[in-house]
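What follows is a single structure, written as structure tokens, with notes after it.
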Amino acid sequence: MSTDKYAGVFPAFYACYDEEGNVSPERVEALTEYLIGKGIQGLYVGGSSGECIYQSVADRKLTLEHVMKVAKGRVVIIAHVACNNTKDSQELAAHAESLGVDAIASIPPIYFRLPEHAIARYWNDISAAAPNTDFIIYNIPQLAGVSLTMSLLKEMKKNPRVIGVKNSSMPVQDIQMFRDEGVIVFNGPDEQLVSGLAAGAIGGIGGTYAAMPELYLKVRQLFLEGKMEEARQVQNDICRIIYKMCSAKGNMYAVIKEIIRRQGGPDVGGVRLPLAALEEADYAIAEECTKMIQTAVAAYC
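Quick note: the sequence shown uses my numbering, first residue 12, plus one each step.
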């Protein structure tokens, strides 16, 4: 089974709301077209950046439907389908397969600490609901409270649909270890894309990619060309921009959505409570980030 199509830069798709805070199909479509126009290779829909844990099953279905309506096979689509119960996760998995996504993905169940055999059953039950679709494990221990272990990965590899890991743990070593098990790995932490690629990641999926896709695409291009020092320089500027984003009181995704607006991209609304909305002082931070991005794009791209 070829996995070459998963190589590249995959922005994590943001939740798109109208003025009343409901999912906006029109804004979903606008953001999809905007990102495809930037030259990205794929989109990761319904994950952390999509505020999945604060959305209903219906919200998540609606978002994916309108992403797929616009994407039309032009980019690879990975749909994150995990809910904190198996039934809803299976419903989203079956729905995603019916729409023709390239892969589904899932974090482990959160809150209760389940034994590995229960996590494996959860993932396999989700995969069984989309039997013709690739499955990607989403390892984000700092938020899920559960780490993907080598023993759990070995167990999951018995499922032929399991092709890879979206790895958002901080140790780059995890990428190397998972790769040695014969699966593809996506680098998760945006601050270490260069390191992740060097450790064997096939590409990256990131929550800040949509704010500055040109820079992440440039990092990957320079890496593939063997220009490591130049790639490191771009990565350093990316990190400085991320640190500035995180200095706001409002949620980082609210900052990013404002940055996209300031760059001429679509207005996709704010964030859903309990995520913190932007405060007045945050707009100056968004403006500074916008200028930092524009300067870096002009210098490197």
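Where is the CB? At the ideal position from N, CA and C, for every residue including glycine.
Alpha-carbon to alpha-carbon, Arg251 and Leu204: Approximately 14 Å, taken between the alpha carbons.
Check each candidate in Ile249, Gly111, Tyr25 and name the one with the smallest Cα separation from Tyr55. The shortest C-alpha separation from Tyr55 is found at Tyr25.
Three-state secondary structure (DSSP) at Lys177? Lys177: strand per DSSP, three-state reduction.
Can you tell me the Cα-Cα spacing of Met161 and Ala129, whole angstroms? Here the alpha carbons of Ala129 and Met161 stand approximately 16 Å from one another.
If you compare alpha carbons, which of Glu30, Gly50, Asn95, Asp113 is closest to Phe123? With distances taken between CA atoms, Phe123 lies nearest to Asn95 out of Glu30, Gly50, Asn95, Asp113.
Might you give, ordered along the chain, the residues of its own chain that have their beta carbon closer than 6 Å to the beta carbon of Asp113, omitting 5 neighbours on each side? The beta carbon of Asp113 sits closer than 6 Å to the beta carbons of Val87, Ile88 from its chain, once the five residues preceding and following it are set aside; these are given in chain order.
I need the straight-line Cα distance from Ser35 to Ile47, nearest angstrom please. Between the C-alpha atoms of Ser35 and Ile47 there is a straight-line separation of about 18 Å.
Grouping DSSP H, G and I as helix and E and B as strand, with all else coil, what is Phe234? For Phe234, the secondary structure class from DSSP, reduced to helix, strand or coil, is helix.
What residue from Ala139, Ile195, Asn170 has the CA that sits closest to Asn150's CA? Residue Ile195 is the option with its Cα nearest to Asn150.
Could you check whether Phe189 and Ile216 sit closer than 7 Å to each other, using their CB atoms as the reference points? Not closer than 7 Å, so no.
Quick one, are the C-beta atoms of Glu225 and Val279 less than 7 Å apart? Going by C-beta atoms, Glu225 is not nearer than 7 Å to Val279.
Report yes if the C-beta distance between Thr219 and Ile270 is below 7 Å; otherwise report no. In this structure, Ile270 does not lie closer than 7 Å to Thr219 by Cβ.
Go ahead and pull the three-state DSSP assignment for Asn247. Helix at Asn247.
At least three beta-carbon pairs within less than 8 Å, the region 235 to 248 to the region 262 to 277: Flag = no, the region 235 to 248 and the region 262 to 277 do not touch.
How should Cys5 be labelled, buried or exposed, when 16 other C-beta atoms within 10 angstroms of its C-beta is the threshold for buried? Residue 5 lies beyond the stretch modelled for the chain, which goes from 12 to 312, so this question has no answer here.
Boundaries (first-last residue) of the beta strand (DSSP E) holding Asp70: No beta strand (DSSP E) holds Asp70; the alpha helix (DSSP H) holding it covers 68 to 82.
Closest residue to Gly53 among Gly84, Val173, Thr144, Pro182 (Cα-Cα distance): Looking only at Gly84, Val173, Thr144, Pro182, the smallest Cα-Cα distance to Gly53 is reached by Gly84.
Taking only runs of the alpha helix (DSSP H) that begin and end inside the region 185 to 216, which ones reach a length of at least 4 residues, in chain order? Counting only runs of 4 or more, we get 204 to 209.
Residues of its chain near Val81, where Cβ-Cβ distance is below 6 Å and the 5 sequence neighbours each way are ignored: Here the set comprises Glu40, Thr43, Glu44.
For Pro22, which three-state DSSP category applies? Collapsing the DSSP output to three states places Pro22 in a strand.
His77 versus Glu37: straight-line alpha-carbon distance, rounded: Note on geometry: alpha-carbon atoms of His77 and Glu37 lie some 8 Å from one another.
Using a 10 Å radius around the Cβ and a threshold of 16 neighbouring Cβ atoms, would you call Leu284 buried or exposed? Counting every other CB atom within 10 Å of its CB across the protein chains shown gives Leu284 a total below 16, marking it as exposed.
Along the chain, where does the alpha helix (DSSP H) containing Ile271 start, and where does it finish? First-last of the alpha helix (DSSP H) with Ile271: 263 to 273.
Straight-line Cα distance separating Ile174 from Cys312: Approximately 33 Å between the Cα atoms of the pair.
With 16 other CB atoms within 10 Å as the buried threshold, where does Met79 fall? Its Cβ being crowded by 16 or more others within 10 Å, Met79 is buried.
By a C-beta neighbour count over all protein chains shown, 10 Å radius and 16 as the cutoff for buried, is Ala295 buried or exposed? Ala295 should be labelled exposed.
Looking only at C-alpha atoms, which of Trp134, Leu233, Pro142 sits nearest to Ala105? When Trp134, Leu233, Pro142 are compared, the shortest CA-CA separation from Ala105 is found for Pro142.
Quick check: the Cα distance between Arg273 and Phe234, rounded to an integer number of angstroms? Going from the Cα of Arg273 to the Cα of Phe234 covers about 29 Å.
Taking the beta strand (DSSP E) that Leu54 belongs to, which residues open and close that run? For Leu54, the enclosing beta strand (DSSP E) stretches over residues 53 to 56.
For chain C, is any of its Cβ atoms less than 7 Å away from the one on Asp278? Looking for chain C here will not work: only one protein chain is present.
Paired residues, beta bridge with His91 - DSSP: DSSP, once it has assigned bridges, lists Ala116 as partnering His91.
Going by DSSP, name the residue or residues bridged to Val34. Answer is Tyr28, bridged to Val34.
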